[in-house]
Each structure stands twice: as structure tokens, then as C-alpha cells.
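**Student:**
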Amino acid sequence: MKVDYKFSNLCGTVYRKGNVVFSASGDRLYSPVGNRVTCFDLKNNKSSTLPFENNCNISKICLCSQKNLLFSIDEVGKCLIYNLLTQTVVDTISFKKKVKCIKFSPSGEFYATTHARGFKVWRAPGITKTFHSTILLKVLSGAYDETTCLNWSSDSRFIVIGGKDMTVRVYPVFSMEKFKVFSLTGHRSTIINCFFEKDSLNVYSISRDSALSVWTASHNPEELESKYEVRKRKLENDDEESGEEKSDEEDGEEQVSWTLEKKHLFGQEKSSISSAEYHADKKILVVGHTSGIFQLYEMPDFIQIHSLSISQYKINTVAINASSEWLAFGSAALGQLLVWEWQSETYVLKQQGHFYDMNVMAYSPDGQYIATGGDDGKVKVWNTISGFCFVTFTQHSGGITGVEFSQNGQVILSSSLDGSVRAFDLNRYRNFRTFTGPRPCQFYCLALDNSGEIICAGSLDTFEICMWSLQTGRLLEVLSGHEGPVSCLSFSPAKAILVSGSWDKTVRLWDVYASTSPKDTISIGSDVTAVTHRPDGHEIAVASLDGEIRFWDPDTCRLNGSIEGRRDLLVGRRKNDLVSSKQLMSRRCFTSLCYSADGHHLLAGGKSRHVCIYHIRQEIMLRRFNISNNMSLDGMQVFKHSKRGVTEAGPIDLMDLDNRSDDEDGDKSLIALPGVKKGDMSCRRVQPEVQTKALRFSPAGRSWAAATTEGLLIFSLDGSVAFQPEGLDLDITPEKILELSNNKEHSNALNYAFRLNEQKYMIRVIENIKIDDVSTLVQGVPRMFLSKLLEFVGKQLEDSPHVQFYLAWCKHILSCHGGYIKSHSRSYLPTLRLIQKNLVRHSSSLTSLCDSNTYTLKYLTSIPLQSSTDAEVELMETE
Numbered sequence: 001m002k003v004d005y006k007f008s009n010l011c012g013t014v015y016r017k018g019n020v021v022f023s024a025s026g027d028r029l030y031s032p033v034g035n036r037v038t039c040f041d042l043k044n045n046k047s048s049t050l051p052f053e054n055n056c057n058i059s060k061i062c063l064c065s066q067k068n069l070l071f072s073i074d075e076v077g078k079c080l081i082y083n084l085l086t087q088t089v090v091d092t093i094s095f096k097k098k099v100k101c102i103k104f105s106p107s108g109e110f111y112a113t114t115h116a117r118g119f120k121v122w123r124a125p126g127i128t129k130t131f132h133s134t135i136l137l138k139v140l141s142g143a144y145d146e147t148t149c150l151n152w153s154s155d156s157r158f159i160v161i162g163g164k165d166m167t168v169r170v171y172p173v174f175s176m177e178k179f180k181v182f183s184l185t186g187h188r189s190t191i192i193n194c195f196f197e198k199d200s201l202n203v204y205s206i207s208r209d210s211a212l213s214v215w216t217a218s219h220n221p222e223e224l225e226s227k228y229e230v231r232k233r234k235l236e237n238d239d240e241e242s243g244e245e246k247s248d249e250e251d252g253e254e255q256v257s258w259t260l261e262k263k264h265l266f267g268q269e270k271s272s273i274s275s276a277e278y279h280a281d282k283k284i285l286v287v288g289h290t291s292g293i294f295q296l297y298e299m300p301d302f303i304q305i306h307s308l309s310i311s312q313y314k315i316n317t318v319a320i321n322a323s324s325e326w327l328a329f330g331s332a333a334l335g336q337l338l339v340w341e342w343q344s345e346t347y348v349l350k351q352q353g354h355f356y357d358m359n360v361m362a363y364s365p366d367g368q369y370i371a372t373g374g375d376d377g378k379v380k381v382w383n384t385i386s387g388f389c390f391v392t393f394t395q396h397s398g399g400i401t402g403v404e405f406s407q408n409g410q411v412i413l414s415s416s417l418d419g420s421v422r423a424f425d426l427n428r429y430r431n432f433r434t435f436t437g438p439r440p441c442q443f444y445c446l447a448l449d450n451s452g453e454i455i456c457a458g459s460l461d462t463f464e465i466c467m468w469s470l471q472t473g474r475l476l477e478v479l480s481g482h483e484g485p486v487s488c489l490s491f492s493p494a495k496a497i498l499v500s501g502s503w504d505k506t507v508r509l510w511d512v513y514a515s516t517s518p519k520d521t522i523s524i525g526s527d528v529t530a531v532t533h534r535p536d537g538h539e540i541a542v543a544s545l546d547g548e549i550r551f552w553d554p555d556t557c558r559l560n561g562s563i564e565g566r567r568d569l570l571v572g573r574r575k576n577d578l579v580s581s582k583q584l585m586s587r588r589c590f591t592s593l594c595y596s597a598d599g600h601h602l603l604a605g606g607k608s609r610h611v612c613i614y615h616i617r618q619e620i621m622l623r624r625f626n627i628s629n630n631m632s633l634d635g636m637q638v639f640k641h642s643k644r645g646v647t648e649a650g651p652i653d654l655m656d657l658d659n660r661s662d663d664e665d666g667d668k669s670l671i672a673l674p675g676v677k678k679g680d681m682s683c684r685r686v687q688p689e690v691q692t693k694a695l696r697f698s699p700a701g702r703s704w705a706a707a708t709t710e711g712l713l714i715f716s717l718d719g720s721v722a723f724q725p726e727g728l729d730l731d732i733t734p735e736k737i738l739e740l741s742n743n744k745e746h747s748n749a750l751n752y753a754f755r756l757n758e759q760k761y762m763i764r765v766i767e768n769i770k771i772d773d774v775s776t777l778v779q780g781v782p783r784m785f786l787s788k789l790l791e792f793v794g795k796q797l798e799d800s801p802h803v804q805f806y807l808a809w810c811k812h813i814l815s816c817h818g819g820y821i822k823s824h825s826r827s828y829l830p831t832l833r834l835i836q837k838n839l840v841r842h843s844s845s846l847t848s849l850c851d852s853n854t855y856t857l858k859y860l861t862s863i864p865l866q867s868s869t870d871a872e873v874e875l876m877e878t879e
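Number 879 marks the last residue of the sequence shown (the UniProt record's numbering); no jumps.
(1) Does the distance from the CB of P830 to the CB of G711 come in under 8 Å?
(2) Pull up the DSSP beta-bridge partners for Y429, would you.
(3) Using alpha carbons as the reference points, say which of V20, L50 and D281 lies closest to P106.
(4) Look up K6 in the DSSP assignment and say whether it is helix, strand or coil.
(5) Quick check on S420: buried or exposed, where buried means 16 or more other Cβ atoms within 10 Å of its Cβ?
(6) Excluding sequence positions up to five away, which residues of its chain have a Cβ less than 6 Å from the Cβ of N450?
(7) For the segment 207–225 against the segment 175–187, are there 3 or more C-beta pairs whose distance is under 8 Å?
(8) With DSSP as the reference, label L717 as helix, strand or coil.
(9) What span of residues does the alpha helix (DSSP H) with W809 cover, start to end?
(10) Which runs of the beta strand (DSSP E) fall wholly inside the segment 559–637 and span at least 3 residues, in chain order?
(11) Should Y144 be labelled buried (16 or more other beta-carbon atoms within 10 Å of its own) or exposed?
(12) Closest by CA to M621, which one among G572, G565, Q637 and K607?
(13) How long is the line joining the alpha carbons of V774 and H812, rounded to whole angstroms?
(14) Which first and last residues belong to the beta strand (DSSP E) in which E508 is found?
(15) Would you kindly report the start and end of the unbroken beta strand (DSSP E) that includes T776?
(16) Using only the alpha-carbon positions, how far apart do N629 and F40 sit?
(17) Can the beta-carbon of V286 be found less than 8 Å from the beta-carbon of L327?
(18) So, helix, strand or coil for Q343, using DSSP?
(19) Any idea which residues DSSP pairs P32 with across the strands?
(20) Considering Cα atoms alone, identify which of F196, M358 and A112 is closest to W258.
(21) From T521 to G402, what does the alpha carbon distance come to, in whole angstroms?
(22) Find the nearest neighbour of A732 within the set L750, W468, K744 and L84, judged by alpha-carbon distance.
(23) Using the Cβ count rule (16 or more neighbours within 10 Å means buried), how would you classify A514?
(24) What is the rounded straight-line gap between the Cα of G409 and the Cα of V381?
(25) Candidates K314, E277, S309 and T290: which alpha carbon is nearest Y297's?
(26) Taking only three categories from DSSP, how would you classify T861?
(27) Is the segment 42–52 in contact with the segment 355–371, if contact means three or more CB pairs nearer than 8 Å?
(28) Going by alpha carbons, who is nearest to N359 out of A371, I385 and D425?
(29) Any idea which residues DSSP pairs W468 with across the strands?
(30) Taking the alpha carbon of A707 as the reference point, which residue from G12, T384 and G34 has its own alpha carbon closest?
(31) Provide the residue(s) that pair with G163 in DSSP beta bridges, ordered along the chain.
(32) With a threshold of 6 Å on Cβ separation, who are the neighbours of T113 within its own chain once the five nearest residues in sequence on each side are excluded?
(33) Is the segment 828–844 touching the segment 782–801, taking contact as three or more C-beta pairs under 8 Å?
(34) In the structure shown, what three-state DSSP assignment does A319 receive?
(35) Give me whichever residues DSSP pairs with I522 in a beta bridge.
(36) Tell me the rounded alpha-carbon separation between V14 and S31.
Next up, the structure:
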């Protein structure tokens, strides 16, 4: 089995903090998610996470459409410059301070950043290679408090700046004749945003107290020249006397000034403005409020077009696409991202992650869907191909502790701390069964038998296991015997044997159809944290609190082997820990286990930023995967940091104190004086700890997913780069393969292509074969290449447009070699599930397409056709 899995996508989280931006075409939306950036393709309904990570949570992103560059800036001022075409990080910049706003000029030649009480102007990176990709041109200051927003004029020569000092200032990029820095005063609160009108110096400024000021400039941009242009024009003038007269006239001309023309109020008394955006071409203004209301206005007449409520939480960011048809809104409190088409009043995108931590996850039998459950009591179902959540179940009132799919993939079962187990129908999207115990309890784990008839849930406080029938909804039995909370359950895939692990340091095996007493009891010696079965049911893996993974034979209760995995976790030091990470090893363990589809490897994760994959028979770790590099999470530091001191009240994190004093979102979270008790005492700032709460291999075997603090991370194999030849000879060359294929020697060409094992030559050879010759060629395929051929066809069904051609290959392979594949089903199971997943996907897409075209075809067939003579007569009459 290959273990070179690579990060492919981040689901489960769509927005955390910062701003969102549209692409130049307007059909892609970029959103910061932790220390990563996710791209939502609104046209093709897909999402993908860009393959780079910042060191901390991203606070601002900016897109230069002319050069396809994306700037991502984290909380400490480190910036990564990412090229969207080459998919690489081209450079890094350290701004050394927090950046509240960054904007590219409309020409793409410059960009500006706000810092402390001023701003900086930089020359944007070019396409050609240079020693310095970006150059600092100008540093300007003069504000009395932090600057929070900036915007460029349409000719890229002027910048308008707003800040916490309630003042708006207009600066020229280069020194101008008749121009001095002008301050626009009159606001009574922090400036949220300020904008220029198109081809004008008129300014709109919006403050937090729901006020809009319209400032009219005394000059147009065309009337202003830089000092360099004036000096050049003077040198070109041959007449010195006329030049002197002209300079005297210029000295007497007035400077540019602004006057307050109008002041408007947005009419929301119980809320303040949290975000605003202006589309200069279409003259549309969008503002978001702390109450979850957004308003759309037509400027400069201030005519309200829309006023709608998204939620009851603050709208942190607003974006408008290039055509001004789509509006994007992000809410950090809910983790919600919306794209609204205001003309048709419909949602283009509506996604929301889990409000709190994601606890559990499960793959559907075909690998097409992933169900997740979180502390917010919601069960969400995600499409692995698009990365979007398409249904959310909110019937639970407590945190979700277990989730499972039925064998047919049409039913989702979930257990919760509210004391109930619920069954959800994926066809009608409803909760059709609710299971409860004989007395109130908190269910901590869930298991479903292979037939999908028996449901078991372990209790956290009564130490019992409740068993129900899915068909009737009746409580069948209550299995008692554990002396501590039941932490994990697992049904055998081969028999009706239930394995339960508990904090009483035992693992018990139950024959659920025979008796209510445990069949066997295995003493572990430490609290059991995770239990899982091998796919064939002849082995169980048990993780315990001492950091060890043990493998047992469930038939004989004999120990097959063990792995000491505590050192493999590489535990980090938390903020409140007073000892080093090495001394914290004794408290770390694995909390989630999962077998690979072939049963030879085991995936393990726990309270660490690492996930380990082990070879079971050799009892060695093959690879360690890093789930995050985000230093904003707790438990990432391995060594003590010099900035962290220890006092009587505990450790002090200077960076965290600096973050707490930041009120860019309008929250009054400043550090209070000692003894002051004012405000909501239940409010607290908790730094989430990095950990892996659930792990699952895809049924197809080519990917695995982890429910982590960052979200739902998906790692998959990248087979396009791998080159693993088998049995090469001097005659096996790409030229020889193409020659045999062109000469219609398909059998030899196919044999050589599989031995060379290079993707592009395998595609050329197979697609050069006629569909009528497939049956004959499949019969002569050697058994050693059968699994490789079936896996290749399964992957091509996922990506290739030649669906019918590869379906014919699947049909002939299964009909000719079905007996051999059935006898070796364990090794072929991942490939067969991959084919099943792709067949289900194509079937659903074709079914929806045919259903949508049914009425169109009926309409076209019902229209009577005109004869040619009637059409000619009608044409002559009209002429």
C-alpha cells in the first residue's frame, strides 16, 4: 500500500476571520480558513483549498487580478505571495506589524498597507524575476490613532485613509502641485471604510455609528499634475518669460479642498456598522451591521434597494464581484459564508461550518459523502467531490458523540449527549426515528451492525450499552457489566459480535443475539480510548491511555502484537503548561484508530498535531502526517518561548495580550483594570488546542479524512506523479509502446505500458483500442496486471469524459475475471468501491440531466412541424 498521501482539501469550515475577495472574472471567491485559503468555484459548484499555509491565522487577503497574485497576511504581519497560475509561493514578506487593510491599485502597479498610525505604498511584484519582488516606495503617517481602511482612486494616483481617530485623510501617491494632505473631519466614531467615486476625487466615508458622509472635491483628477510632470513640462518650454509667468500663475492657484455635501444615516438604531464595500462602476454601496442585517444602496442618491437579515450575528466582511451581481458576506461568529444575487434575490452559495469543535465523522459506503457531528448539536453531510455541505440536521440539543452510515448509505445514525440516538433519511432529509434509553443518560459512542438492523450506544454516566432495532425503533436490550463510562464501540464486520471499551480498563465482547452478559473480557491495564475492527473481522485494535496500541484476536482473545506509539505523537507544549513537552508525554494517547481497506495498515491520531500510519505486522511507523502548522492553535510549541514568562497567576503570552487588545471588529475586549467587574463575566477568550478527534479511511482506499481543530482535512494519493516500473527490459521504451499501438498490436502494447507504468502512455494505448476489441483483449490480460488494469479504469471513470468506453472495460473485466476477483475480494475491495463511487456519481448526474430535459423534449415534440411549402408561402406573404 502506498502511504504518500498529500493534503487535498479542507471541508467542514468555510470562513473564520478576515476578508473575502472575488476573482477578476467574478465566479471565484477566496476565503481565509484558519491559516489556509479556500477557493469556491461558484460556476462549477466546487471548492478547493490552496496548497500553502501561513504560520498563524490569516487576517487579510488581497488579490492582484492583473498578475494572478494572492497576498495572505497572518495576525503577526507575515505575508505569503502566492501565484495562482503556477500554484506556488513565490515570496514572503514580513511587515513586522499587524496589517489592518491591504489594497492593490486599479492599475496593479502598486499596493498599499495600513500600519499603526500611517500607511505604506509598495511597488507590486512583476512577472519577471528580480532580486526584490516588492519595493517600499513611501511611508506616510500623521493620524492620531490606528488606521483601519484605505482605498485607491480609479487612476491609481490618490489614496484615501480612515482610522480610529474618526478622521479621513486623502494622500497623493507622488507629490502633487496644488495638493496638500487634506483631513475630512466630522465623524463621531471609528471609520469603517472610505471610497473614491469613479474618475473623481469625491469621497464617501462610513463610520461605525451608521453615518455616511459625502465629500465633494474642488478639483478633478485631470487638473492635477505631479511635480515631476510640471518640471518636465517647464524644461520642454523654450520661452523662459512665458514659463516664469506661468509659474507665477500656478503659485497663486488654490489647493484642492473638500466640502461636506450631505450626511446620511442608515436607520439602524440598535446596531452599528461592521463592514462596508462600494462598487465604483455600478455605484452600489453595501453595508453590513452587527445585528446581521445588510443594506444595499444606489449612490449618490442614497436610494435603498435591499435591507435583509442574514442572521443575528455580526457581518465581518462584505465583497462585491466585478459585475456587481453577487454579494459575498462572512460571519466569523457563525463560521458562515453567503453569496447573494441581489437582482433575482437568490442564494448562489450558502455554507456554514460547525459552530464549535467537530467531534466525529464517517464515510458513506460508496465514499461519496462524509457525515460530521460537532459540539453544536448539528449533523452535516458533505460531498467529497464538491467539498460543499448539502444538508444539515439540527434535531439534537447536545453535542454529537457518534455518527454512522447504514449499509445502503441512505440512513445516517447519530448519538448525542442529550441522551438520544436519531436516524436521518437522506432521501427526504428528515429525522424518522428517535431512540432513547430506559433512563436519562449521556451517550458517548455509537455502533451499527453489518446488516444495519441493530444499533448500540454506550453511556457515559450509567455505564450501560443500549441496543435498539432500526426497523421497529424498539429497545431490545440493555447490556450492563462495565464499571466505568463506555468510551468506544465496534461491531464485527463478519459476525454479530460487539466489542466495547471502557474507562474501567477492560474490553468486553458481546454476542448481541445470544445473551446480555459479555462473552469474553480482556483486561488492558489502562483506560480504553478507542476500539476498531479489521475489515475482515478477525482482529481488533485497542488504544489505551498509556499510549499503546494492542492487537487482539477476537475469537481466542489472544494478543497478536502491540505498538508503543506515545513517542510518535510528538506532543507540543500548551500555553498553560509549566513543564516541557517531553515531560507531557505521559498524558498523551491515541483517541481514534482506523484500519486501511486491505487491513495491513493502521491510522492513529489523538491530542497532537500529528497523525501516524503504522504497518501492523512489522509494528513500525511508516509515516507521520502533520495536520496543521498554525501557531495560533494551542499545543503547537515544542520548546518554551523566550517571550513567555511565568507569574503567580500563571504564564503570560505577550502575543496573546497584544491580540486581546485588538478591537478591529468593534468588540470592547480591552484588558480591564484590576478589580473591575464590568460586562459579561462569562465571556472568555479560549485558544483552541490542536488535536485529531476522528479518523476514517475512504472505502475506495485512495484517501482518508480527519476531523481536527482546523476542520475536516482530506488527504489523498497523487498517482499522476508516481513512476513505478515493473520488470523493465531494454525493449520497453515509450517509442516502442507507441509503435506497437500504432501497428494495432494492442496486446503487446498494453503489456509494455503496464510494465512501464507511466500514466500518459497507458491512456494513449487503451484509448487507441476500439470498443469492439475490448472483450478479446481483456481475456488475455495476465493476472499480475489485473488489479492494476482495474484500478486504472476506476480512476479514469472519475476524470475521463469517455464514460461509455471505460464502462465497457469494467463490464468485460468483471464478467471475464469475476470469479478470481471474488476469491481475492480483500485485495480488490478498495478498487471495487472506487468504481462503485464513480458509477453512482455518473448515474446521479445523468439522471438529473435527463429529468431536467424531459419537459423540454415533450414541448419540442408537441409542436407541429410546418411543411416547407407552407413556410415558403408564409415568407412570400410577409415580403
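Beta carbons: idealized from backbone N, C-alpha and C, even for Gly. None of the values given here were measured: they were computed from a predicted structure.
**Tutor:** Result, derived from the coordinates:
(1) Stepping through the sequence shown from its first residue, residue 830 is reached at position 830. Stepping through the sequence shown from its first residue, residue 711 is reached at position 711. It is not a contact, given that the beta carbons lie outside the stated cut-off.
(2) The residue labelled residue 429 in the question sits at position 429 within the sequence shown. Answer is none; Y429 lacks a bridge partner.
(3) For the purposes of this step, residue 106 is taken as residue 106 along the sequence shown, with counting starting at 1. It is D281.
(4) Sequence index remark: in the sequence shown, residue 6 carries index 6 (1-based). It is a strand residue.
(5) For the purposes of this step, residue 420 is identified with residue 420 of the sequence shown, where counting begins at 1. Buried.
(6) Counting from 1 along the sequence shown, the entry for residue 450 is found at position 450. These residues qualify, in order along the chain: P493.
(7) yes
(8) Reading the sequence shown from its first residue, position 717 is the one you call residue 717. If DSSP states are grouped into helix, strand and coil, L717 belongs with the strands.
(9) Within the sequence shown, residue 809 is the residue found at index 809, counting from 1. It spans V803 to S823 - the alpha helix (DSSP H) in which W809 sits, taken as one unbroken run.
(10) 590–595, 601–606, 610–615 and 620–626
(11) As a working note, residue 144 is residue 144 in the sequence shown. Y144 should be labelled exposed.
(12) Numbered from 1 along the sequence shown, position 621 holds the residue referred to as residue 621. Checking every option, the nearest Cα to that of M621 belongs to G565.
(13) Sequence index remark: in the sequence shown, residue 774 carries index 774 (1-based). Sequence index remark: in the sequence shown, residue 812 carries index 812 (1-based). Annotation: V774 to H812 spans about 7 Å, alpha carbon to alpha carbon.
(14) For this step, residue 508 is matched to residue 508 along the sequence shown. In the sequence under discussion, the amino acid at residue 508 is Arg, which differs from the Glu named in the question. Where R508 is concerned, the enclosing beta strand (DSSP E) stretches over T506 to D511.
(15) Position 776 of the sequence shown, counting from 1, holds the residue named residue 776. Here T776 belongs to no beta strand (DSSP E); instead the alpha helix (DSSP H) covers V774 to Q779.
(16) Translated into the one-based positions of the sequence shown, residue 629 becomes position 629. Translated into the one-based positions of the sequence shown, residue 40 becomes position 40. Straight-line Cα distance between these residues: approximately 23 Å.
(17) Position 286 of the sequence shown holds residue 286. Position 327 of the sequence shown holds residue 327. Yes; because the gap between Cβ atoms is below 8 Å, this pair is in contact.
(18) As a first step, residue 343 is located in the sequence shown; it is residue number 343 there, counting from the start. Residue state, collapsed to three classes: coil.
(19) One-based indexing of the sequence shown puts residue 32 at position 32. When DSSP reads this structure, P32 sits in a beta bridge with V37.
(20) Here the question's residue 258 lines up with position 258 in the sequence shown. When only C-alpha atoms are compared, the closest one is F196.
(21) Along the sequence shown, one-based indexing puts residue 521 at 521. Along the sequence shown, one-based indexing puts residue 402 at 402. For T521 and G402, the distance between alpha carbons rounds to 24 Å.
(22) The sequence position of residue 732 within the sequence shown is 732, counting from 1. According to the sequence as given, residue 732 is Ile; it is not Ala. Selected option, being the one with the closest Cα: L750.
(23) Here residue 514 is taken as the residue at index 514 of the sequence shown, counted from 1. By the neighbour-count rule (16 or more Cβ atoms within 10 Å), A514 is not buried but exposed.
(24) If you number the sequence shown from 1, residue 409 lands on position 409. If you number the sequence shown from 1, residue 381 lands on position 381. CA-CA distance, G409 to V381, rounds to 12 Å.
(25) Position 297 of the sequence shown holds residue 297. When the alpha-carbon of Y297 is set against those of K314, E277, S309 and T290, the nearest one is in E277.
(26) Locating residue 861 in the sequence shown gives position 861, counting from the first residue. Helix.
(27) no
(28) The sequence position of residue 359 within the sequence shown is 359, counting from 1. If we check each option's Cα against that of N359, A371 comes out closest.
(29) Residue numbering aside, residue 468 sits at position 468 when the sequence shown is read from its first letter. The partner list for W468 (beta bridge, DSSP) reads I455 and L475.
(30) The sequence position of residue 707 within the sequence shown is 707, counting from 1. When each option's Cα is compared against that of A707, the closest is G12.
(31) Sequence index remark: in the sequence shown, residue 163 carries index 163 (1-based). Note: G163 sits in a beta bridge opposite T147.
(32) Counting from 1 along the sequence shown, the entry for residue 113 is found at position 113. Around T113: V99, I102 and K120.
(33) yes
(34) By 1-based counting over the sequence shown, the position of residue 319 is 319. In this structure, A319 counts as strand in the three-state DSSP scheme.
(35) As a first step, residue 522 is located in the sequence shown; it is residue number 522 there, counting from the start. In the DSSP output, where bridge partners are listed per residue, I522 has V507.
(36) Stepping through the sequence shown from its first residue, residue 14 is reached at position 14. Stepping through the sequence shown from its first residue, residue 31 is reached at position 31. Cα-Cα distance, rounded: 7 Å.
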